[in-house]
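Position one of the sequence shown corresponds to residue 1 (the UniProt record's numbering), numbered consecutively onward.
Report on the structure given below.
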Amino acid sequence: MTVRVPAKVNLQLGVGPIRDDGYHDLVNVFHAVSLFDEVTAEPARELAVSVQAAPHSRVDVAGVPTGDGNLAAKAARLVAARLGVQPRVALRIRKAIPVAGGMAGGSADAAAALVACARLWDDREQPVLSRDDLMEIGADLGSDVPFAVLGGTAVGVGRGERLTPALTRGTFHWVFATADGGLSTPAVYGECDRLRLAAGETAAWPAVSAELMTALATGDAKGLGGALSNDLQPAALSLRPSLRRTIDAGRDLGAIGALVSGSGPTCAFLAEDAEDAADLADALHGAGVAEQIVRASGPVPGATVI
Ligand code: C5P
């Protein structure tokens, strides 16, 4: 059973005040893009997880835990418990999504494992676990996991796990600049809090950008480019100052929108159409500001059996 699962970019990441449970209340507009990991689930004597880079991708998988430490293993255990079976499965993960890159690669693999194991252990026409059930289980694994199951474009509130699909029109064309070495999500949220405290700012309650939603609904790439925002960007730039040069290079080379993806360090650039995206990718490659330049388009569906 093989499942393909997309990376995400946050079109708006509004970070509200820190909550008692240590999480931040968010307004998180997720957008799934055509950069995919694949997870294969096969019956095995016991639960095992192996990780490799996808063919032709240059993802550094050295830091990704195998075995029980991988979020995909936890996903398999949760599905098995819900179905009343033993988690006897070997999960083979092939990664094209950057590791610790701000594109929810780990969450994507967990989402793929949820879908793959549910299908492997329950092949009834009306499965016991619906997609909604899998999203609910995913929320216990991580804030970004339910969206990787759902895909498309969606507004997340709460920790980001309570999702409402957003109306979009057409396809948006992206160029991603990956960086050498990841950023820790908790560290970036922590830096965001520290910067706010140092500046004497109290975090405002975030609200969905009406400009962003209109641009999505009308397929207006320029409008979308102007409406992109990420409250974690100052924190990511503070922890990784070299990203400023990457963002500036993308803007100078014609991107109609540029921002750090999620907690970074991947930077996302929006182009007006596929041709402009190809030109921008070439120019960014030539500028030498990133480890790797990857093109992708969105929205695309969430975790899908192939
Ligand atoms: O939910 P997930 O495990 O992916 O979150 C990773 C970390 O990111 C959390 O431990 C927390 O530090 C931070 N986070 C947050 N507020 C959110 C989501 C994540 O502070 N809404």
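Glycine included, each C-beta is placed from N, C-alpha and C at the ideal position.
Keep in mind it's a predicted model, so treat the numbers as computed, not measured.
> In angstroms, rounded to a whole number, what distance separates the CA positions of Q12 and L212?
Replying inline: Separation of Q12 and L212 (C-alpha to C-alpha, rounded to the nearest whole angstrom) is 8 Å.
>> Please return the same chain residues whose Cβ sits closer than 6 Å to the Cβ of L78, not counting the five positions on each side in sequence.
In response: I137
> What is the rounded straight-line gap between the Cα of V128 and the Cα of D122?
Replying inline: 7 Å
> In terms of alpha-carbon separation, which member of P43, V64, A96 and Q86 lies closest to R4?
Replying inline: A96
> From this set, G69, G254, P206 and P299, which residue's C-alpha is nearest A48's C-alpha?
Replying inline: Among G69, G254, P206 and P299, the Cα nearest to that of A48 is on G69.
> Name the DSSP bridge partner or partners of S57?
Replying inline: DSSP, once it has assigned bridges, lists no residue as partnering S57.
>> Just to check my reading of the structure: L163 and L150 have Cβ atoms closer than 8 Å, yes? What is that Cβ distance to the nearest angstrom?
In response: 6 Å
> Alpha carbon to alpha carbon, how far is T214 from V208?
Replying inline: 11 Å
> So, T246 versus A177, is the Cβ gap smaller than 8 Å?
Replying inline: yes
> What whole-angstrom Cβ distance do F203 and V15 have, given they're in contact under 8 Å?
Replying inline: The identity of residue 203 in the sequence shown is Ala, whereas the question assumes Phe. With 8 Å as the limit, A203 and V15 qualify as a contact, their Cβ atoms being about 7 Å apart.
> For the 8 Å Cβ check, are there 3 or more pairs between the segment 152-160 and the segment 93-111?
Replying inline: Contact fails: fewer than three Cβ-Cβ distances are below 8 Å.
> So what does V128 bridge to, in DSSP terms?
Replying inline: In DSSP, V128 forms no bridge with anything.
> From what residue to what residue does the alpha helix (DSSP H) around S238 run?
Replying inline: Q233 to L239
> Could you give the uninterrupted runs of the beta strand (DSSP E) lying entirely in the segment 169-206, keeping only those of 3 residues or more?
Replying inline: 172-178
>> Please return the same chain residues whose Cβ sits closer than 8 Å to the Cβ of L280, not counting the five positions on each side in sequence.
In response: The residues are V175, G250, L253, G254, A255, F269 and A271.
> Per DSSP, which one or two residues make a beta bridge with F30?
Replying inline: N10 and A154
>> Does T40 come out as helix, strand or coil in the three-state DSSP assignment?
In response: strand
> Per DSSP, what kind of secondary structure is I137 in: helix, strand or coil?
Replying inline: helix
>> Just to confirm before moving on: does the CB-CB distance between L228 and L183 stay below 8 Å?
In response: Not a contact, by the Cβ cut-off of 8 Å.
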